[in-house]
Amino acid sequence: METKQKPIIGIVSPCYNEALVLPETAAQLNEIIQDLVLRNIISGKSFALFVDDGSKDNTWNCIEELAAELIHVKGLKLAGNVGHQKALLAGLLTFKEEADALISIDADLQDDVRVIEKMILKFISGTDVVFGVRKERVTDTFFKRNTALFFYKLMKLMKVNVVHNHADYRLCSHRVLKALAEFGEVNLFLRGIIPSIGFKSEVVYYDRLERFAGESKYPFRKMAAFAWNGVTSFSNYPLKLVTIIGFAVFFACLIMTGYAVFAIYTGDVVPGWLSTVLPMYFLGGVQLFCFGIIGEYIGKIYSEVKQRPRYFIDKRVD
Ligand code: UDP
Ligand code: MG
């Protein structure tokens, strides 16, 4: 029987000042690819791509050297620092036509590379998206663990569809990447977009390890900005919240009116109190409610402006 063509797999990692970890990461990824090629699971054209996100150290020299030395290593240099999400996107979109699936992984070896094979096997058996999900966060600091937990809670509260404990370690098939390319928005929040695309997805679990070398490029300030960007680029819910609060205040005002009328009858009231306080509650409620309505329209404008693709087709039969 003729063997089926082996898929070309690309592994994409964004790098910002990662000269300390790159030699090790490149060597490990190269070896994994070589091994999978030898075992006839993936094509020899598979590659590991390092995207230099405008690093200030000698990350790019390092990538060039590694690309010359290791057969499966490639590099891409961005003109300036655009941040993890956009750097990753640059790698995925630039190389999407050169592979059957791309796996994204951080350059610091915190995501267990042994899971790559599992991801690929799931892809070969017909899955379009494979999410890498952290089992436990034992190696993370107390602070990181809890801020992350808060992040997933917030996302859920704001009705953003994200996979719990999944960062940007995932495999996407060619057609998912093609779908991704159709999103025209500037603030692309990958963890929200990918689940919203659809297609068959699966999860693989792994333990998150300690950073191999160097330090985290995500201080609290960046993490908070990232979470907030996730909410605001994905959800109209904060705008809806205004309507809800307005309605609640208005409702509270009604209850206050009831109480005030009751107070008049019991005689337990300071003159002038009612006519000062009630209009304040009332107007406050009405104003918030009106803001909320304006917010609803802004929300609509916001989703129109993004011009997101409306659907993706999975299959058809003729
Ligand atoms: N990164 C990047 N651009 C940036 C910041 C980070 O490409 O502006 C990369 C970084 O090199 C790493 C990945 O994003 O490969 C995740 O960053 P880091 O490991 O510092 O974050 P943490 O794991 O601490 O959340
Ligand atoms: Mg890291």
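Residue numbers for the sequence shown follow the working numbering, so the first one is 18 and each next one is one higher.
For glycine and all other residues, C-beta sits at the position ideal for the given N, C-alpha and C.
Proximity to the ligand UDP was defined by a C-beta distance below 5 Å to any of its heavy atoms, and the residues meeting it, in sequence along the chain, are P31, C32, Y33, E35, D70, G100, H101, A104, D123, A124, D125, S233, K234, Y235. Here P31 carries a strand assignment [DSSP, helix/strand/coil].
Assigned with DSSP and collapsed to three states, V132 falls in helix. Between the segment 120 to 132 and the segment 34 to 48, the count of Cβ pairs shorter than 8 Å is three or higher; the stretches touch. Between the beta-carbon of I59 and that of I26 there is about 5 Å, and that keeps the pair under the 8 Å contact cut.
In the DSSP annotation of this structure, the continuous segment of the beta strand (DSSP E) that includes R187 starts and ends at 183 to 190. R325 is positioned such that its CB atom lies closer than 9 Å to that of G201. Distance from the CA of I311 to the CA of Y222, rounded to the nearest whole angstrom, comes to 43 Å. With a contact defined as Cβ atoms closer than 8 Å, Y319 and N253 qualify at about 7 Å. Note on L174: under 16 other CB atoms within 10 angstroms of its CB, so exposed under the neighbour-count rule.
Inside the segment 77 to 140, DSSP marks whole beta strand (DSSP E) runs of 3 or more residues at positions 90 to 94, 118 to 121, from first to last along the chain. In this structure the segment 159 to 175 lies against the segment 242 to 252, because at least three pairs of beta carbons, one per stretch, are closer than 8 Å. Judged by the Cβ position, Q127 qualifies as a neighbour of the ligand MG at the 8 Å threshold, a heavy atom of the ligand being closer than this. S63 has its alpha-carbon roughly 14 Å from the corresponding atom of Q45. Under DSSP, the beta-bridge partners assigned to F67 are S30, G92.
Sorting S190, N34, V287 by C-alpha distance to the C-alpha of I141 places S190 at the top. The alpha-carbon of E115 is positioned some 12 Å away from that of R192. At least one heavy atom of the ligand MG lies less than 8 Å from the C-beta of R228.
Secondary structure note for F160: its alpha helix (DSSP H) is the uninterrupted segment 159 to 174. Looking only at P212, R238, G61, V29, the smallest Cα-Cα distance to L106 is reached by V29.
At least 9 Å separates the beta-carbon of V54 from that of G108. Our two residues, P31 and T164, have alpha carbons roughly 23 Å apart in a direct line.
Nearest C-alpha to F267 among D285, F299, L256: F299. Scanning its chain for C-beta atoms nearer than 6 Å, with the 5 sequence neighbours on each side dropped, one finds around H89 the residues N47, I50, F64, A65, in chain order.
Within the same chain, S72, K73, D74, T76, G231, K234 come within 8 Å of N34 by CB-CB distance, once the 5 residues on both sides are set aside.
Around the C-beta of H101, 16 or more other C-beta atoms lie within 10 Å, and the residue is accordingly described as buried.
For R208, the uninterrupted alpha helix (DSSP H) run begins and ends at 207 to 214, by DSSP. Annotation for Y222: the continuous beta strand (DSSP E) segment containing it runs 218 to 223. Contact annotation, A198 with K113: C-beta distance approximately 7 Å; criterion of less than 8 Å satisfied.
Counting other Cβ atoms within 10 Å of its Cβ, T283 stays below 16 and is therefore classed as exposed.
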